[in-house]
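Shown next, in C-alpha cells, is the structure this report addresses.
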Amino acid sequence: MTKIALLEQQLQQLYKLISGFKSENFINEAVMDQLSLFGEDSVEEVAETPQQTITYTRDKKKHQGRNALPENLPVREVIIEPKEDTTGLTKIGEEITETLEYTPASLVKRRTISPKYAKKEE
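Each residue of the sequence shown is one higher than the one before, counting from 1 in my numbering.
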C-alpha cells in the first residue's frame, strides 16, 4: 500500500470510531489530537458532564394491610363445617374471613367461619 492509502484507511477507522453506534462511540484526547493533524475543523469538542451526587430518604412506613370493612354493613354468615366426623372433638378456634360482596343496589359483608377441632387429650 502506498502511504496515502494507509493514511486514508486510518482516517476512515478514526471516523468510524467517532460516528459509529452510540454504544461503540469512543472519543478521547488522543483521537481528537490525531484528527487535528489532518486539518479537519468539523470535529466537535467533547465536554465532560459534571457529576452530581443525589441523596434521598426513604419513608419507613409499611403498609398495614387492607382497610377494615365498615361495621354498618349487613352481615351474612356462612359456616363451613369439616367433612370429617367431629363427634368427640373439642373446638379450639376458628378462622374468620370477611369479603365484600356486591349484589345490585346493595353491599353485604359475608363472614365465612371455619371451625377448628382437636382431639381431647386423655
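Beta carbons are placed, not taken as given, at the ideal position from N, Cα and C, and that holds for glycine.
| said: Can you look up Tyr15 in the DSSP assignment and give me helix, strand or coil? | reply: Indexing the sequence shown from 1 puts residue 15 at position 15. Reduced to three states, the DSSP call for Tyr15 is helix.
| Test item: CB-CB of Ala118 and Ile92 under 8 angstroms | Walking along the sequence shown from the start, residue 118 turns up at place 118. Walking along the sequence shown from the start, residue 92 turns up at place 92. Result yes, Cβ atoms of Ala118 and Ile92 sit closer than 8 angstroms.
| task | Pick helix, strand or coil for Ile80, following the three-state DSSP scheme. | result | For the purposes of this step, residue 80 is identified with residue 80 of the sequence shown, where counting begins at 1. It is coil, neither helix nor strand.
| message | Below 8 angstroms on the Cβ atoms is my contact criterion, and I expect Val78 with Thr103 to pass it. Report the Cβ-Cβ distance as a whole number of Å. | response | Reading the sequence shown from its first residue, position 78 is the one you call residue 78. Reading the sequence shown from its first residue, position 103 is the one you call residue 103. 15 angstroms between Cβ atoms; not a contact.
| So, are the CB atoms of Lys116 and Glu94 less than 8 angstroms apart? | Translated into the one-based positions of the sequence shown, residue 116 becomes position 116. Translated into the one-based positions of the sequence shown, residue 94 becomes position 94. In this structure, Glu94 lies closer than 8 angstroms to Lys116 by Cβ.
| query | From Lys3 to Gln9, what does the alpha carbon distance come to, in whole angstroms? | reply | Position 3 of the sequence shown, counted from the first residue, corresponds to residue 3. Position 9 of the sequence shown, counted from the first residue, corresponds to residue 9. So the two alpha carbons sit approximately 10 angstroms from each other.
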